[in-house]
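Novice: Count along the sequence shown from 1, add 8, and you get the number used in the numbering used here. In this text, a Cβ means the ideal position worked out from N, Cα and C, and glycines have one as well.
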Amino acid sequence: MELNLLFKVAIVLIVGFIGGQVARKLKLPNVSGYLLFGLLLGPSLGLIIPEWTGLITGKDQITLQFISEIALAFIAFSIGSEFNIKSVKKMGKEVNV
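1) Rounded to whole angstroms, what is the Cα-Cα separation between Leu7 and Ile87?
2) What's the gap between the Cα of Phe45 and the Cα of Lys98?
3) On the three-state DSSP scale, how would you describe Lys33?
4) What's the C-alpha gap between Val30 and Leu63?
5) Compare the C-alpha of Ile83 against each of Asn12, Ile22, Val17, Gly28 and name the closest.
6) State whether the region 12-29 contacts the region 60-79, with contact taken as three or more CB pairs (one from each stretch) at a distance under 8 Å.
7) Check whether the Cβ atoms of Tyr42 and Gly24 lie closer than 7 Å to each other.
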């Protein structure tokens, strides 16, 4: 990997951390901040602002595919850890479906 890509990954991690902290201040799950700030960094914002190509390009995404899969596993674990078993039981069968 080139230094430029490592620098981009560092920016993404820092911005993700900040997004999690902002979400926590707003009394939202950290994952909400990760997703929102991730959308702002990625090419999805280009749908609204055509000049924006995103911090991580398609070529970078191919290079970082393994790391992104590990990150998704951590995000899924984080979401699962925020579930409260008692509240899930109160909701009943709707949650299980």
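Specialist: According to the data block:
1) Not covered by the structure: residue 7. The range shown for the chain is 9 to 105.
2) In the sequence shown, the residue the question calls residue 45 occupies position 37. In the sequence shown, the residue the question calls residue 98 occupies position 90. One C-alpha to the other measures close to 32 Å.
3) Translated into positions along the sequence shown, residue 33 becomes position 25. In the three-state reduction of the DSSP assignment, Lys33 falls in the helix class, which pools H, G and I.
4) Taking the first residue of the sequence shown as 1, we reach residue 30 at position 22. Taking the first residue of the sequence shown as 1, we reach residue 63 at position 55. Answer to the nearest angstrom: the Cα atoms are 20 Å apart.
5) Reading the sequence shown from its first residue, position 75 is the one you call residue 83. Of the listed residues, the one whose Cα sits closest to Ile83 is Gly28.
6) Counting C-beta pairs closer than 8 Å gives three or more between the region 12-29 and the region 60-79, which meets the contact rule.
7) For this step, residue 42 is matched to residue 34 along the sequence shown. For this step, residue 24 is matched to residue 16 along the sequence shown. Contact: yes.
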